[in-house]
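K.L.:
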Amino acid sequence: MNSLETWDHFLSNVVLPSRLHHITQLNTFYVQHIDTLTEEITTVIDKLCKWALNRQAAGTMEECAIIRLSFLRTRLAEGAFEFLIEACDQPSIQEYNHFEFRYEAKWIYSFYEAWDQFCLTQLKTYMGVIKPWFFESWQKEQLSPFLAYSVHLVRYAMKQVVALPSYQALNKGQEFEVIVGEYGDVLLGESVYYCNRNRRKDQSLKNWLDQGLPHDYVHEHFTDADLSNTQYGGINLNYTRLQGVKLQAANWSFARMIGCQLDQCDCMYVDFSGSIMFDADFSNCNLQGASFHSIIGTRHAVNEEEAVFFGIHGMKFIGSDLTGATFQGARLTGDFRGAKLEHTDFRGADLSGSQMLYQDQEKVDLSEAQRQSILWSEM
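If you want my numbering, it's the position in the sequence shown, counting the first as 1, plus 33.
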């Protein structure tokens with residue numbers, strides 16, 4: 034083999050399979066330790082918010098516009114996955130102005146290091162055809178599957194963060210965002226929480242959504258809007274939050290709703306059929322007569338080529354009203370505890386790993402195989 038063929042062989046037979054193996058282990062660790070990890074990151078953000086409150090009280094900080102977690106790539110060479118955590122007002126967004134709050138994700142680094150060491154050991158069998166420096170240079174650009182778990186963690190932790198007295202007392206701007214990214218990219222990164230108090234008028238919002246833009250609605254925040262009877266099949270609402278939105282009889286079939294959160298929304302008779310809904314949250318929504326026909330919302334689906342998992346936490350229907358809703362042919366892992374399940378149609382649905390309450394066993398119509406696949410709980 035020439036050097037290019039050797040490199041391709043090393044990638045396809047050693048590096049990428051090993052990366053998938055270690056990401057799979059990381060995913061398992063994350064799920065098993067999510068409560069502890071959430072407490073750790075929430076504690077750091079709580080300290081940051083208290084610091085920002087003191088600055089606001091002293092008149093040295095305006096309304097907080099952003100909380101930013103920046104991965105310090107230079108620390109990787111020192112054996113650490115560390116993030117700088119900042120609270121910035123609008124004038125200071127373009128700069129890094131305080132450095133005392135850090136979060137070290139040792140749990141991520143341990144899996145990254147194990148992958149690195151395995152690959153370097155295997156590299157020796159290629160008899161010097163591939164130089165270690167060449168592999169290390171390539172590897173430094175392959176952090177995304179590992180860093181994704183810092184994004185998952187902060188996004189998940191935000192439900193606890195927003196309940197912190199320090200966070201609630203913090204004077205925030207009309208638009209406020211929490212972003213996880215890399216140090217040096219002040220305006221780039223993954224949005225994990227966005228709050229927009231500038232409410233759009235219903236017609237203005239509809240006119241915008243009517244444009245069918247492919248990416249502009251991702252990570253958005255819609256509140257108290259009436260989108261009933263709208264026809265937005267195929268819309269991309271990944272990681273978008275909807276609060277108090279009326280969607281009665283809307284057609285949102287074949288939508289992309291990964292990580293989408295609907296809070297106390299009226300979704301009566303909405304057509305969600307065929308949609309991609311990994312980790313979507315419909316807690317406390319009115320879903321009477323809604324169609325989830327053939328939706329996909331399982332846990333731990335994986336793109337092996339990219340080593341990316343989808344469905345980290347599963348779908349949530351806690352406290353929602355699913356009376357008369359249909360899940361025919363759907364594949365999902367959902368938390369149905371406290372949901373109203375009278376006349377809910379689960380025919381042909383794969384519910385493996387879903388959760389329901391013991392008290393609902395006689396209320397919900399399931400096949401024997403479905404009943405065996407459910408995790409029944411007291412509360």
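We put the CB at the ideal spot given by N, CA and C, even for glycine. Since we're looking at a predicted model, the values are computed, not measured.
Could you have a look at Ile-329 and say whether DSSP puts it in helix, strand or coil?
P.N.:
Looking at Ile-329 - three-state DSSP - the assignment turns out to be strand.
K.L.:
Beta-carbon separation of Cys-82 and Ala-120 under 8 angstroms?
P.N.:
Result yes, Cβ atoms of Cys-82 and Ala-120 sit closer than 8 angstroms.
K.L.:
Mind checking Val-195: buried by the 16 CB within 10 Å criterion, or exposed?
P.N.:
Classification for Val-195: exposed.
K.L.:
Determine the DSSP secondary structure at Ala-120, reduced to helix, strand or coil.
P.N.:
Three-state DSSP puts Ala-120 in a strand.
K.L.:
So Leu-270 packs on Cys-293, CB below 8 angstroms; how close in whole Å?
P.N.:
So it is a contact: roughly 5 angstroms between Cβ atoms.
K.L.:
From Ile-78 to Pro-198, what distance separates their C-alpha atoms?
P.N.:
Spanning the two alpha carbons is a distance of roughly 12 angstroms.
K.L.:
In chain order, what residues of the same chain lie with their CB nearer than 8 angstroms to the CB of Pro-124, ignoring the 5 residues before and after it?
P.N.:
Excluding positions up to five away in sequence, the list reads Glu-95.
K.L.:
Pull up the CB-CB distance for Tyr-159 and Phe-43, whole angstroms please, since I reckon it's below 8 angstroms.
P.N.:
Rounded, the Cβ-Cβ distance is 6 angstroms, consistent with contact.
K.L.:
Note the first and the last residue of the continuous beta strand (DSSP E) segment covering Cys-228.
P.N.:
First-last of the beta strand (DSSP E) with Cys-228: 223-229.
K.L.:
Suppose contacts are defined by Cβ-Cβ distances below 8 angstroms. Is Val-251 in contact with Glu-223 by that definition?
P.N.:
It is not a contact, given that the beta carbons lie outside the stated cut-off.
K.L.:
Among Lys-396, Tyr-227 and Asp-383, which one has its Cα closest to the Cα of Glu-375?
P.N.:
Glu-375 has its Cα closest to that of Lys-396, out of Lys-396, Tyr-227 and Asp-383.
K.L.:
Among Tyr-227, Gln-201 and Glu-215, which residue has its Cα nearest to the Cα of Phe-209?
P.N.:
The shortest Cα separation from Phe-209 among Tyr-227, Gln-201 and Glu-215 belongs to Tyr-227.
K.L.:
My assumption, with CB atoms under 8 angstroms, is that Ile-311 sits in contact with Ser-324. Please give the rounded CB distance.
P.N.:
The question names Ile, yet the displayed sequence has Phe at residue 311. With 8 angstroms as the limit, Phe-311 and Ser-324 do not qualify as a contact, their Cβ atoms being about 18 angstroms apart.
K.L.:
Would you say Gly-206 and Cys-97 are within 8 angstroms of each other, going by their C-beta atoms?
P.N.:
Yes, these two residues count as a Cβ contact at 8 angstroms.
K.L.:
Who are Ser-324's beta bridge partners in DSSP?
P.N.:
Answer is Asp-304 and Thr-359.
K.L.:
From Ala-190 to Val-48, what does the alpha carbon distance come to, in whole angstroms?
P.N.:
Roughly 32 angstroms separates the two Cα atoms.
K.L.:
Determine the DSSP secondary structure at His-39, reduced to helix, strand or coil.
P.N.:
For clarity, residue 39 is Thr in the given sequence; the question names His instead. Note: Thr-39 maps to helix in three-state DSSP.
K.L.:
Are at least three pairs of beta-carbons, each pair with one atom in the region 243-258 and one in the region 129-140, less than 8 angstroms apart?
P.N.:
Short answer: they don't touch.
K.L.:
Output yes or no for whether 8 angstroms exceeds the beta carbon distance between His-254 and Trp-148.
P.N.:
No, the pair does not count as a contact, with Cβ atoms beyond the cut-off.
K.L.:
Distance check for Phe-343 and Gln-281, CA to CA, integer angstroms please.
P.N.:
Cα to Cα, the separation comes out at about 28 angstroms.
K.L.:
Indicate whether the contact test is met: 3 or more Cβ pairs, each with one atom in the region 347-361 and one in the region 60-73, closer than 8 angstroms.
P.N.:
Touching, no.
K.L.:
In this structure, does DSSP put Leu-399 in helix, strand or coil?
P.N.:
Here Leu-399 sits in coil by DSSP.
K.L.:
In terms of residue numbering, what span does the alpha helix (DSSP H) encompassing Ile-141 cover?
P.N.:
Its alpha helix (DSSP H) spans residues 139-156.
K.L.:
Measuring only the C-alpha atoms, how far is Leu-399 from Ala-382?
P.N.:
Going from the Cα of Leu-399 to the Cα of Ala-382 covers about 9 angstroms.
K.L.:
How big is the Cα-Cα spacing for Val-187 and Leu-53?
P.N.:
Each residue's alpha carbon lies about 23 angstroms from the other.
K.L.:
Helix, strand or coil: how does DSSP classify Val-195 here?
P.N.:
Coil, per DSSP.
K.L.:
To the nearest whole angstrom, what separates the beta carbons of Asp-235 and Asp-259, a pair I think is in contact under 8 angstroms?
P.N.:
The pair is a contact, with the Cβ atoms about 5 angstroms apart (cut-off 8 angstroms).
K.L.:
Does the distance from the C-beta atom of Phe-168 to that of Ile-141 stay below 8 angstroms?
P.N.:
Result no, Cβ atoms of Phe-168 and Ile-141 do not sit closer than 8 angstroms.
K.L.:
Whole angstroms is fine: what's the gap from Ala-358's alpha carbon to Gln-321's?
P.N.:
Going by the C-alpha atoms only, they are around 6 angstroms apart.
K.L.:
If the criterion is Cβ atoms closer than 8 angstroms, does the pair Ala-363 and Ser-327 meet it?
P.N.:
For Ala-363 and Ser-327, yes; Cβs fall inside 8 angstroms.
K.L.:
Applying the criterion that 16 or more other CB atoms from any shown protein chain within 10 Å of the CB defines a buried residue, is Ala-91 buried or exposed?
P.N.:
The residue in question, Ala-91, is exposed, as its Cβ has fewer than 16 Cβ neighbours within 10 Å.
K.L.:
Can you name the start and end residues of the beta strand (DSSP E) that Leu-102 belongs to?
P.N.:
Start and end: 97-104.
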